[in-house]
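Asks: Under mature numbering (1 follows the signal peptide of the UniProt record, and there is no 0), residues -20 to -1, 1 to 125 are what the sequence shown spells out, in order.
Sharing a structure here in structure tokens format.
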Amino acid sequence: MMYFLQQSFIFVLTLHYGFSLYCKQCNGWTGHYPPARNTVSTCDNRDNICYTTLFCVKIVDPMRPGLHYATFKSDCYYQVSIQVSPTNLSYITSGRCYPYLEGVNPTQRWWYCFCNDRDYCNGAPTTFTLLGLISTITVAYFVRN
């Protein structure tokens, strides 16, 4: 009987760890955050995680032009599509970011960036990735206006 319980426990662990994607579940910022307001990010706590079988997401608020930082929320995402605007439903591809418009006045914009290639893939980006994202957001803002 003990052998059966031990094998069942190993099987359950294999299912959980074999098919779950670990994602960061936290709020933070990237870039040069104003030093006077610099506090510890919840992303520094390695216990802030969630599990999914689909995607990890990082929701980036580009703030406004001229700021050298962006705030973000990292979380699990449990759907295969995203409603990026009232008339546009997009199917999610790992490694891609989607602009999201909320229909309130004034319009709120976010970037939803998805991944599922490795555990904790929605953690803090490298400096190179951050510069690329901020440049893309800045160009998109000025092209729109």
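Virtual Cβ for every residue (Gly too), placed ideally from N, Cα, C.
None of these values were measured; they are calculated from a predicted model.
Classify L69 as buried or exposed, calling it buried when 16 or more other Cβ atoms lie within 10 Å of its own Cβ.
Replies: Burial call: exposed.
Asks: Just list the residues that DSSP pairs P79 with in beta bridges.
Replies: W91
Asks: Going by alpha carbons, who is nearest to K4 out of S21, G11 and H12?
Replies: S21
Asks: What's the gap between the Cα of C23 and the Cα of F52?
Replies: 10 Å
Asks: Distance, Cα to Cα, F35 vs D99?
Replies: Rounded to the nearest angstrom, the gap between the Cα atoms of F35 and D99 is 10 Å.
Asks: Taking buried to mean at least 16 other C-beta atoms within 10 Å of its own C-beta, is S54 buried or exposed?
Replies: buried
Asks: Measuring CA to CA, which of P45, N96 and G8 is closest to Q59?
Replies: It is N96 whose Cα lies nearest to the Cα of Q59.
Asks: Identify whether C23 lies in helix, strand or coil by the three-state DSSP scheme.
Replies: helix
Asks: Grab the span of the beta strand (DSSP E) containing I62 for me, first residue to last.
Replies: S61 to S65
Asks: Does G46 pass the burial test, meaning 16 or more other C-beta atoms within 10 Å, or should it be called exposed?
Replies: exposed
Asks: Looking only at its own chain, which residues have a Cβ that is under 7 Å from the Cβ of C101, when we skip the five neighbours before and after it?
Replies: C36 and C95
Asks: From H48 to G83, what does the alpha carbon distance come to, in whole angstroms?
Replies: C-alpha of H48 to C-alpha of G83: approximately 26 Å in a straight line.
Asks: Let me confirm a value: T87 is counted as buried when at least 16 other C-beta atoms fall within 10 Å, else exposed. Which label applies?
Replies: exposed
Asks: What residues in its chain sit with their C-beta under 6 Å from that of Y(-18), if we drop five residues either side in the sequence?
Replies: Here Y(-18) scores only 49 on pLDDT, less than 50, and its place in the model should not be relied on; the value that follows carries that caveat. No residues qualify anywhere along the chain.
Asks: Measuring alpha carbon to alpha carbon, tell me which residue in M43, G8, L1 and N7 is nearest T32.
Replies: L1
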